[in-house]
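Trainee: At position 331 of the sequence shown (counting the first as 1) the number is 313 in this note's numbering, and the numbers step up by one without a gap. Where is the CB? At the ideal position from N, CA and C, for every residue including glycine. One structure follows; several queries about it will come next.
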Amino acid sequence: MEIVLPDKNKISLEDDATVADVAKKISEGLFKRAIAGKVNGNLVDLSAKVKDGDQVTIITEKDPESIDILRHSTAHLMAQAVRRLFKDVKVTIGPTIQDGFYYDFDIDTPFKEEDLEKIEQVMADIARQDLPIIRKELKKEDAIKLFSEMDETYKVEIINDLGEEVVSIYSQGEFVDLCRGPHLPSTGFIKHFKLLSVAGAYWRGDEKNKMLQRIYGTAWFKKSELDEYLNRLEEAKKRDHRRLGKELELFGTFDEIGSGLICWMPKGAKVRATIEEFWRKEHFKNGYDLLYTPHIGKSNLWHTSGHLDFYSENMYSPMDIEGQNYYIKPMNCPFHIMIYKSKNRSYRDLPLRWAELGTVYRYERSGVLHGLLRVRGFTQDDAHIICAQDQIVEEIEEVLKFSLEIWKTFGFTSIKGYIATRPEKSVGDDSMWKAATDSLMESIKKSGIEYEIDEGGGAFYGPKIDLKVKDAIGREWQMTTIQFDFNLPERFDMVYVDRDGKEKRPYMVHRALLGSLERFFGVLIEHYAGAFPFWLAPVQIKILNISDEQADYCEQLYRRLKTEGFRVELDLRNEKIGYKIREAQLFKVPHMIVVGNQEKEKNLVSVRLRNGETKNNLDFSEYFSVIDELNRSKTLNLWR
């Protein structure tokens, strides 16, 4: 038979050949590096049979698909090690995730952190045994019998739910698991891995089900890659916004108030106020009007919007007010639409750009709450653009340009776009979808940023652009969303009178630029490791005296800087100057003005930066010009 290679060349093989035979026929070197294959676009094991005319690609560790295959095989390796160590354990599922994998286990005694080292040692032993990983297909009833005899009840449940007459299993030594594959040829390919943590997880994510034990891990082809990843994890721990938020007195959560509800402390509130002031100023510059809307609305509003039909599980219970049900708002959109409908609209009114820092409340399960990144009450930097069809290209270009400028001002320069197109089930006519999608494509091409197309990944009510930003240690965060909506204008019967005197449906775009202030602040803390640039810092300047003799001059400096609008603190405590400097550095204050007799006598300032640099004996006006420029230009590289 003949097999077609990626370069369209063909090779001849004996009948009954496998993907491994294809690799060997190409070259012995490729055969040694091969870990899997792709037949007619589908990933398969090296042991998979090929047929005449099949298109075959050999997968090595250089291919992007390889890392998931490695990690999934490592998850099986971990499960095998756990079974060897803990005889009564039951295995459930073990998928790959970003940068790693996990496996959930049903075990009476929860795993301890010290168990991870024991499991790793057994994993290493099994890997050294270089056990072949063998795929086999079984009829449904035979697979159920096999796993029933092994008392693997979770596997039996999964097989029954699959509804397939034939399933695949993988074995390595004594260990057998239900899996679609593909997998590595043998355990010997697994060399560089690390188990990271243990957590609780409900079976199938349902809190009504049993709590399982989840072990997280990671695996890489090279030791250098594993070491680099572990270093990134260590750096991420140092930057954890929950720890820094407490240490720097930025925000807090309290059991007495409720999970997922954030209290902004004075220092955090100063940063938020600075962000909001900048946000409002930039929105006015870009032609937006601001709105303020209530926190609750009647049930009929949420029936019309569809939230009570499709989103009720994320909404809080209604409040009875004078015999009518009111709901606390999960979104701002219906309120903005009611303002639009408050009077007749003409094409002359369009486009409308309405923005709101609107606080919304959504029910999130307690297990997914995570500091500022996943909360129950948050303030969206929400905006709605309402326009005519001939305005959408220009509007999307403007909002994309605006978004990129904002992100770069906050110090994020690595930005990538993702365009999600029409799914199979959707609302809105073809022409609206085409016009909207074309506007997104045209705008993102003009922006010059890297982007990907997510075919069919849009919401049922419209296509969208998501912007993801990379932080200082290379992690990607999904932040900005620019989302068309063909559903709400229809539900609320939004219209405008066009030039021809006929009523037409406007285009409506939801736009969350920062996403929410809470989540954005969490990302910002981790990006800067709490050491915010001067223009954002909660305390920009701290004035420190060496002795009581300089107290009056320090107070004079404090008043001058405070009057000019700088966020400044005064520390006149009777403590050693070294102690006061260290304390200011712990709070990551950008500038410390250290005042001794020389500064007082000559009306000078000496400034210590938080990175340890010093700028001594400056004339105050000279120093003021620097910090004024830092505030105005929001530069990140001038006296940071």
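Starting from E387, trace the alpha helix (DSSP H) in both directions and tell me its first and last residue.
Mentor: I374 to T391 is the span of the alpha helix (DSSP H), which, as asked, contains E387.
Trainee: List the endpoints of the continuous beta strand (DSSP E) containing Y359.
Mentor: The residue you asked about is not Tyr; residue 359 is Gly in the sequence shown. Taken as a continuous stretch (DSSP letters only), the beta strand (DSSP E) holding G359 covers G359 to C369.
Trainee: Whole angstroms are fine: how far does the CA of V342 sit from the CA of L272?
Mentor: The straight-line gap from Cα to Cα measures roughly 17 Å.
Trainee: Using CA coordinates, which residue listed in N579, E406 and I151 is at the minimum distance from C623?
Mentor: The displayed coordinates of the chain run from -17 to 622. Any statement about residue 623 would go beyond what the structure contains.
Trainee: Looking only at its own chain, which residues have a Cβ that is under 8 Å from the Cβ of E(-3), when we skip the five neighbours before and after it?
Mentor: Reading off the sequence, residue -3 comes out as Asp, not Glu. Here the set comprises M(-17).
Trainee: When you compare only the Cα positions, how much space is there between D291 and S29?
Mentor: Distance between the alpha carbons of D291 and S29 is about 49 Å.
Trainee: What's the C-alpha gap between A417 and I464?
Mentor: If you take the alpha carbons of A417 and I464, they lie about 15 Å apart.
Trainee: Using DSSP with H/G/I as helix, E/B as strand and the rest coil, what is R162?
Mentor: It is coil, neither helix nor strand.
Trainee: Less than 7 Å between the C-beta atoms of L591 and D553, yes or no?
Mentor: In this structure, D553 does not lie closer than 7 Å to L591 by Cβ.
Trainee: Less than 7 Å between the beta carbons of T78 and R110, yes or no?
Mentor: Cβ atoms of T78 and R110: not closer than 7 Å.
Trainee: Taking L612 and N599 to be in contact with their CB atoms under 8 Å, please state how far apart those CB atoms are, rounded to whole angstroms.
Mentor: At roughly 20 Å, the Cβ-Cβ gap does not stay under 8 Å, so L612 and N599 are not in contact.
Trainee: Which word fits I(-15), buried or exposed, when buried means at least 16 other C-beta atoms lie within 10 angstroms of its C-beta?
Mentor: When all chains shown are included, I(-15) counts as buried.
Trainee: Counting along the chain, where does the alpha helix (DSSP H) carrying E338 start and finish?
Mentor: Not the alpha helix (DSSP H): E338 falls in the beta strand (DSSP E), residues L334 to Y343.
Trainee: For F93, name the three-state secondary structure that DSSP assigns.
Mentor: Three-state result, F93: coil.
Trainee: E377 and C369 look like a contact to me (Cβ under 8 Å); what is the Cβ gap, rounded to whole Å?
Mentor: E377 to C369, Cβ: 5 Å. Contact.
Trainee: Between L357 and I244, which are expected to be in contact by the criterion C-beta below 8 Å, what is the C-beta distance as a whole number of angstroms?
Mentor: Rather than Leu, the amino acid found at residue 357 in this sequence is Val. 6 Å between Cβ atoms; contact.
Trainee: Just mark K582 as buried or exposed, buried being the case when its beta carbon has 16 or more other beta carbons within 10 Å.
Mentor: Buried: at least 16 other Cβ atoms inside 10 Å.
Trainee: Quick check: what's the CA-CA separation for K558 versus L355?
Mentor: Their Cα atoms are separated by approximately 39 Å.
Trainee: By how many angstroms is the C-alpha of S206 removed from the C-alpha of K127?
Mentor: The straight-line gap from Cα to Cα measures roughly 44 Å.
Trainee: Are the Cβ atoms of L518 and D363 separated by less than 7 Å?
Mentor: No, these two residues do not count as a Cβ contact at 7 Å.
Trainee: Between T39 and P(-12), is the Cβ-Cβ spacing less than 7 Å?
Mentor: In contact: T39 and P(-12) (Cβ atoms closer than 7 Å).
Trainee: Can you grab the Cα-Cα spacing for the pair F606 / F503, in whole Å?
Mentor: Spanning the two alpha carbons is a distance of roughly 28 Å.
Trainee: S588 by DSSP, collapsed to three states: which one?
Mentor: Of the three classes helix, strand and coil, the one that applies to S588 here is strand, per DSSP.
Trainee: According to DSSP, is R493 helix, strand or coil?
Mentor: Strand, per DSSP.
Trainee: How big is the Cα-Cα spacing for D143 and K122?
Mentor: Their Cα atoms are separated by approximately 11 Å.
Trainee: How far does the beta strand (DSSP E) with N599 in it reach, from first residue to last?
Mentor: That run of the beta strand (DSSP E) goes T596 to D601.
Trainee: Any idea if S348 is buried or exposed, counting beta-carbon neighbours within 10 angstroms, 16 or more meaning buried?
Mentor: Exposed, because fewer than 16 other Cβ atoms sit within 10 Å of the Cβ of S348.
Trainee: By DSSP, does T286 sit in helix, in strand, or in coil?
Mentor: Note: T286 maps to helix in three-state DSSP.
Trainee: Which one of V64, A(-1) and G19 has the shortest CA to CA distance from K44?
Mentor: Measuring from the Cα of K44, the nearest candidate turns out to be G19.
Trainee: If you follow the beta strand (DSSP E) that I447 is part of, which residue opens it and which one closes it?
Mentor: Here the beta strand (DSSP E) through I447 covers K446 to K452.
Trainee: Go ahead and label E147 buried or exposed: buried means 16 or more other beta carbons lie within 10 angstroms of its beta carbon, across all protein chains shown.
Mentor: Burial call: exposed.
Trainee: Determine the contact status of G163 and R214, defining contact as a CB-CB distance below 7 Å.
Mentor: No. Outside cutoff.
Trainee: Looking at the unbroken beta strand (DSSP E) that takes in Q306, where does it start and where does it end?
Mentor: Counting along the chain, the beta strand (DSSP E) containing Q306 begins and ends at Q306 to I310.
Trainee: Given that a residue counts as buried once 16 or more other Cβ atoms are within 10 Å of its Cβ, and exposed if not, what is Y345?
Mentor: Exposed, since its Cβ has fewer than 16 Cβ neighbours within 10 Å.
Trainee: Does W459 come out as helix, strand or coil in the three-state DSSP assignment?
Mentor: Looking at W459 - three-state DSSP - the assignment turns out to be strand.
Trainee: Between which two residues does the alpha helix (DSSP H) carrying K205 extend?
Mentor: Segment K205 to K220, the alpha helix (DSSP H) holding K205.
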